[in-house]
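Before any comments, here is the structure.
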Amino acid sequence: MVRHRKILKNDLKNGNNETSSSSGSSERSVGRRTFKFLSFWKSVIGGVCLLVAVYIGALGYLETRVNTPFGDEKIVKESGLTVPERYWGTYRPGVYLGLKSREPRSPVFGLMWYEIAAATHKGIRHWCDQNDNLPTYGWTYHDGVSFGEQLISDPPHDIVTSFVKIPGGEHGGHWTARINVTAKENLRAPFMLVWYGALDESMGAAAPHSRLWYEDGALKGHTPSLHNFKINLVTHKGKLFHKSHSEAHAPGLHILKEKLYSLLRIEKHHTFGNLAVLGDDDEVNDREKDVNFVAVQMLVETPFVLDVVYTTEDLPAPPLKGNEYTEVLEKKKREFDVDFEEKFKLNERGYSKKHINIAKHALSNMVGGIGYFYGAGRVQSQYTREPVPYWRAPLYTAVPSRSFFPRGFLWDEGFHGLLISKWSPMIFLDIASHWLDLINVEGWIPREQILGAEALARVPKEFVVQSNAAANPPMLLITLATLVKRSPELFEKGPPKAILDRMFSRLQAWYQWFQTTQKGDEPTSYRWRGREDDGLQLNPKTLTSGLDDYPRASHPSDIERHVDLRCWMYAAADAMATIAYVLQRDTTKFEVTRDQLADEDLLNELHWSAHTQTYADYGLHTDGVRLVRQQPKHPSETPKVIRSVTVPPQPKLVTSAFGYVSLFPMLLKVLQPESEKLGKILDDLDKADLLWSPYGLRSLSKSSPLYMKRNTEHDPPYWRGQVWINVNYLAISGLKHYADVDGPYRERAKELHKKLRANVVRNVLSEYKRTGYLWEQYSGEDGKGSGCKPFTGWTALLVLIMADDY
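Going letter by letter, the sequence shown gives residues 1 to 806 in the UniProt record's numbering.
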């Protein structure tokens, strides 16, 4: 009984009987297991959530990298009014005459003209346009800084435009532009000139900070940088029959001509009858919009000379006009002639005055084609679903073609810089600084710059978005190193050294971006990214290489190896070593890479064909391809032209595409002077059935299956046989190098250098005299210019080739 009482007492104390005690123990065990189970899943779920958060955060970080600026200090420290000598300029290369300052919110000024004779129907001239079919136009003089003179032939009229800047004061100084219109056979024909000023609507509403208006016969304005300014239109010579103006609102710089059309009103004139004159803008009259476009139209009789005189309030010196302007302009032209001969020595080399003038035109069009752009491009990475805007930034850059490519191109600018840096190292350093300030945190620079509404309006939609996987040859880096080698004293102290010092971290990031993103599968191999096979192209393009439709492996794949890119990386490593050395930085890692890429055994292992004795790309390739017209499934559909593959591709060297790519080990001086492979390249160089022509080296051998073949139904050959001056420049420079160093092929290189240089110079000069233009490319069959015109980008390297200066 006692025991039972104790048990009962204990049971009562525990609040349970024997059965409940056992159950409680079981439940406690289950509870512990449940707790552990829940704790485990909480940990798992927490871990998963953490991983998801980390992933989303990482993805967000990766998404933003494409449009995140590089973190180091900007290279461009001075711009706008802090560089007064380059503040105003002809920085709108895409129009026949356009002036603006190097300010994002600069007002722009420009010229339009048209004939009023009913029989012509030419329309209004404004943008440089190939469809205008002008016999010639371009700068005959331009120093890139203080003055320029341009001839525009628009039969029966010739229009000579010029400008001279007078620096000083706090608001950019004065300038005068002159428009001189004459007619063939002294024809006294009525002619309509339009001078305008505009504010860029794409930058946001201008008022109340910036304004334009017309008052007391002058175009007037105010901006925060310029303060009050005035433009007087002064007749220097000839008759002015009628003058009208309009204060208007234009939605953007890209439609100024269309806006002008909309402002024309018919008015009775006592001499000319019905005359289209400028009238009021309803949008402004109804006070819906602010004035941002003021146009002044003048009906004149040729010959006629107009001085457009820009003045600010703070400069006591009177602006140039009339005879004084004429004297100053002529003095500047004489000074230009002296500087040109001093730098290029063409008269000393025995060139005729006519040929020297063409070279002056080439240089003038190069520096006269420098523009100032501001805006944000569109970019995309694999981590962004849609294109995103790059950051807004300025770009001071030359352009390849005022009519067809009036915007910046990365690898073109490297070639432009070879000539610009010879003329003005400081202008080139300013240009290079602006380009390098566009580098993002990844070390990538968008290869094509489309900044601002006016630039965007001239670019096909498919070329607007830039991919951060896309490279472009690092020619700008190589040109910087060329300047350092040519003028090391320039970088010993002062602004040039400080600029180069700020450049270094960005150059290093760009160089490293190539090394990490463009590597091939095999050690020391490289591959251009961005090749896509859409089934329509005979050979998928490699736009990133700069050689667009040059034949590569027929079926893009990750196993490709591109010999030109490998050579570019050799030259880039050498350039980095050169720049690092002059800045007293460590050169070791650049020299190690350069020496490794200079190893001919490694190069030959990857790219030399023992069968054809040529260098070549490697990839998944077949020559059994052709374009065929595919019959549609339904009668209502349009037949497509697609690629047909008749022989399956195999991994191999692309030896059938002998051309520029095959020459790169010589072009970029990778090969040693005693290399047998150099000897073989030189043997092949002047064979007329391969690349040699009387007009320069063809881009692709006549023996290649794709020589001068279309890439699609609507895509004519581009780098498939035509003569390109930039690569011919590299060839002439390479031959000069091997002609100047000891080696078994020295005399052969010297002979080829002399012949190739003579062929290129003779043909480019001849075509300029025949057509009035430098061209994008030249035919390998008859030497005639083709592609777009004027192309005063790398074709202007003619000047350096004439000077034999590399």
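Positions of the beta carbon are idealized from the N, C-alpha and C atoms, including for glycine.
Q. Applying the criterion that 16 or more other CB atoms from any shown protein chain within 10 Å of the CB defines a buried residue, is Lys268 buried or exposed?
A. The residue labelled residue 268 in the question sits at position 268 within the sequence shown. With fewer than 16 Cβ atoms within 10 Å of its Cβ, Lys268 is classed as exposed.
Q | CB contact flag (Met576, Gln508, <9 Å) | A | Counting from one through the sequence shown, the residue named residue 576 turns up at place 576. Counting from one through the sequence shown, the residue named residue 508 turns up at place 508. Contact: yes.
**Q.** Val328 versus Tyr141: straight-line alpha-carbon distance, rounded
**A.** Residue 328 sits at position 328 when you count from the first residue of the sequence shown. Residue 141 sits at position 141 when you count from the first residue of the sequence shown. Those two C-alpha atoms are separated by around 14 Å.
Q) What three-state label does DSSP hand Tyr745 in the structure shown? A) Residue 745 sits at position 745 when you count from the first residue of the sequence shown. Reduced to three states, the DSSP call for Tyr745 is coil.
Q: Could you check the C-alpha separation between Arg378 and Asn323 for me, to the nearest Å?
A: As a position in the sequence shown, residue 378 is number 378, starting the count at 1. As a position in the sequence shown, residue 323 is number 323, starting the count at 1. Distance between the alpha carbons of Arg378 and Asn323 is about 49 Å.
(Q) I'd like to know if the stretch 530 to 546 and the stretch 481 to 500 are in contact, where contact means that at least 3 CB-CB pairs between them fall below 8 Å. (A) no
Q. Gly721: which of Lys257, Ile801, Leu691 and Arg105 sits nearest, CA to CA?
A. Locating residue 721 in the sequence shown gives position 721, where the first residue counts as 1. Minimum Cα distance to Gly721 is reached at Leu691.
Q. What whole-angstrom Cβ distance do Phe415 and Leu797 have, given they're in contact under 8 Å?
A. In the sequence shown, the residue the question calls residue 415 occupies position 415. In the sequence shown, the residue the question calls residue 797 occupies position 797. Contact flag correct, Cβ pair sits at about 6 Å.
(Q) Among the candidates Arg710, Gly520, Asp549 and Trp444, whose CA atom is the shortest distance from the CA of Pro69? (A) Here residue 69 refers to the residue found at position 69 of the sequence shown. Closest by alpha carbon: Trp444.
Q) Near Leu700, what residues of its chain come up, given a Cβ to Cβ distance below 6 Å and the 5 sequence neighbours on each side ignored? A) Within the sequence shown, residue 700 is the residue found at index 700, counting from 1. Within the same chain, Leu700 has close Cβ partners Gly659, Tyr707, Arg720 and Gly721.
**Q.** Range of the contiguous beta strand (DSSP E) that encloses Gly772
**A.** Residue mapping note: residue 772 aligns to position 772 of the sequence shown, counting from 1. Where Gly772 is concerned, there is no enclosing beta strand (DSSP E), given that its DSSP letter is neither H nor E.
Q) Using the rule of at least 16 other Cβ atoms within 10 Å of the residue's Cβ for burial, across every protein chain shown, is Asn759 buried or exposed? A) Position 759 of the sequence shown, counted from the start, is the residue given in the question as residue 759. By the 10 Å Cβ count, Asn759 comes out buried.
**Q.** Nearest-angstrom Cα separation, counted from Phe428 out to Leu667
**A.** Position 667 of the sequence shown, counted from the start, is the residue given in the question as residue 667. Position 428 of the sequence shown, counted from the start, is the residue given in the question as residue 428. C-alpha separation (whole angstroms): 23 Å.
Q) With a Cβ-Cβ cutoff of 9 Å, do Pro389 and Ala376 count as a contact? A) Here residue 389 is taken as the residue at index 389 of the sequence shown, counted from 1. Here residue 376 is taken as the residue at index 376 of the sequence shown, counted from 1. It is a contact, given that the beta carbons lie within the stated cut-off.
Q: For the alpha helix (DSSP H) holding Asn365, just list the boundary residues, first then last.
A: Taking the sequence shown and counting its residues from 1, the one referred to as residue 365 is at position 365. Segment Lys353 to Gly368, the alpha helix (DSSP H) holding Asn365.
Q: Please go through the same chain and pick out, in chain order, the residues whose beta-carbon is closer than 7 Å to the beta-carbon of Gln613, but skip the five residues on each side of it.
A: Within the sequence shown, numbered from 1, the residue matching residue 613 stands at position 613. For Gln613, where only same-chain residues beyond five positions count, the Cβ hits under 7 Å are Lys680.
Q: Kindly list the residues whose CB is nearer than 6 Å to the CB of His555, restricted to its own chain and excluding five residues on each side of it in sequence; keep chain order.
A: Here residue 555 refers to the residue found at position 555 when the sequence shown is read from its first residue. The residues are Leu620 and Pro649.
Q: Take Leu62 and list the residues in its own chain whose beta-carbon comes closer than 8 Å to its own, dropping the five residues that flank it on each side.
A: Numbered from 1 along the sequence shown, position 62 holds the residue referred to as residue 62. Result list for Leu62: Ser381 and Tyr383, in chain order.
(Q) Does Ile499 come out as helix, strand or coil in the three-state DSSP assignment? (A) Position 499 of the sequence shown holds residue 499. Ile499 falls in the helix class under three-state DSSP.
Q. To the nearest whole angstrom, what separates the beta carbons of Asp742 and Val661, a pair I think is in contact under 8 Å?
A. By one-based count along the sequence shown, residue 742 stands at place 742. By one-based count along the sequence shown, residue 661 stands at place 661. Going by Cβ atoms, the distance from Asp742 to Val661 rounds to 28 Å, so no, they are not a contact pair.
Q: Output yes or no for whether 9 Å exceeds the beta carbon distance between Gly530 and His562.
A: As a working note, residue 530 is residue 530 in the sequence shown. As a working note, residue 562 is residue 562 in the sequence shown. Going by C-beta atoms, Gly530 is not nearer than 9 Å to His562.
Q | In DSSP terms, what Leu299 is bridged to | A | One-based indexing of the sequence shown puts residue 299 at position 299. Answer is Met192 and His242.
**Q.** Bounding residues of the beta strand (DSSP E) (the contiguous stretch that carries Ser433)
**A.** Within the sequence shown, residue 433 is the residue found at index 433, counting from 1. First-last for Ser433: Pro425 to Leu436, but that is the alpha helix (DSSP H), not the beta strand (DSSP E).
(Q) Within 10 Å of its beta-carbon, does Ser339 have 16 or more other beta-carbons around it, so buried, or fewer, so exposed? (A) For the purposes of this step, residue 339 is identified with residue 339 of the sequence shown, where counting begins at 1. Checking the displayed sequence, the identity of residue 339 turns out to be Asp instead of Ser. Exposed: under 16 other Cβ atoms inside 10 Å.
Q. Comparing alpha-carbon positions, which option in Trp435, Arg287 and Arg458 lies nearest Leu480?
A. Within the sequence shown, residue 480 is the residue found at index 480, counting from 1. Checking every option, the nearest Cα to that of Leu480 belongs to Trp435.
Q) In three-state DSSP terms, what is Tyr390? A) Stepping through the sequence shown from its first residue, residue 390 is reached at position 390. Looking at Tyr390 - three-state DSSP - the assignment turns out to be coil, as it is neither helix nor strand.
Q. What did DSSP end up calling Lys754 once you bin it into helix, strand or coil?
A. Taking the sequence shown and counting its residues from 1, the one referred to as residue 754 is at position 754. Reduced to three states, the DSSP call for Lys754 is helix.
Q.
Let me make sure I understand the geometry here. Which of Asp549, Ser101, Tyr351 and Gly408 has the alpha-carbon closest to that of Val459?
A. As a position in the sequence shown, residue 459 is number 459, starting the count at 1. Nearest of Asp549, Ser101, Tyr351 and Gly408 to Val459, Cα basis: Gly408.
**Q.** Proximal residues to Glu341 (C-beta, below 6 Å), its chain only, five neighbours per side dropped
**A.** Reading the sequence shown from its first residue, position 341 is the one you call residue 341. Excluding residues within five positions, the ones whose Cβ falls inside 6 Å are Asn347.
Q: Measuring alpha carbon to alpha carbon, tell me which of Ile255, Thr235, Val277 and Phe229 ends up nearest His245.
A: Locating residue 245 in the sequence shown gives position 245, where the first residue counts as 1. His245 has its Cα closest to that of Val277, out of Ile255, Thr235, Val277 and Phe229.
Q | Nearest-angstrom Cα separation, counted from Gly273 out to Ile266 | A | Position 266 of the sequence shown, counted from the start, is the residue given in the question as residue 266. Position 273 of the sequence shown, counted from the start, is the residue given in the question as residue 273. One C-alpha to the other measures close to 10 Å.
Q) What's the C-alpha gap between Ala432 and Leu97? A) As a position in the sequence shown, residue 432 is number 432, starting the count at 1. As a position in the sequence shown, residue 97 is number 97, starting the count at 1. Cα to Cα, the separation comes out at about 25 Å.
Q: Flag this pair as yes or no: are the beta carbons of Ala657 and Leu697 separated by less than 9 Å?
A: Position 657 of the sequence shown holds residue 657. Position 697 of the sequence shown holds residue 697. It is not a contact, given that the beta carbons lie outside the stated cut-off.
Q: Look up Lys345 in the DSSP assignment and give the residues it is bridged to.
A: Against the sequence shown, residue 345 aligns to sequence position 345. Lys345 pairs with nothing; no bridge assigned.
Q: Could you spell out where the beta strand (DSSP E) holding Gln596 opens and where it closes?
A: Reading the sequence shown from its first residue, position 596 is the one you call residue 596. Taken as a continuous stretch (DSSP letters only), Gln596 belongs to no beta strand (DSSP E), being part of the alpha helix (DSSP H) at Thr588 to Leu597.
Q | Rounded separation between Leu800 and Leu419 - CA only | A | What you label residue 800 is simply residue 800 of the sequence shown in a count that begins at 1. What you label residue 419 is simply residue 419 of the sequence shown in a count that begins at 1. Rounded to whole angstroms, Leu800 to Leu419 spans 7 Å at the Cα level.
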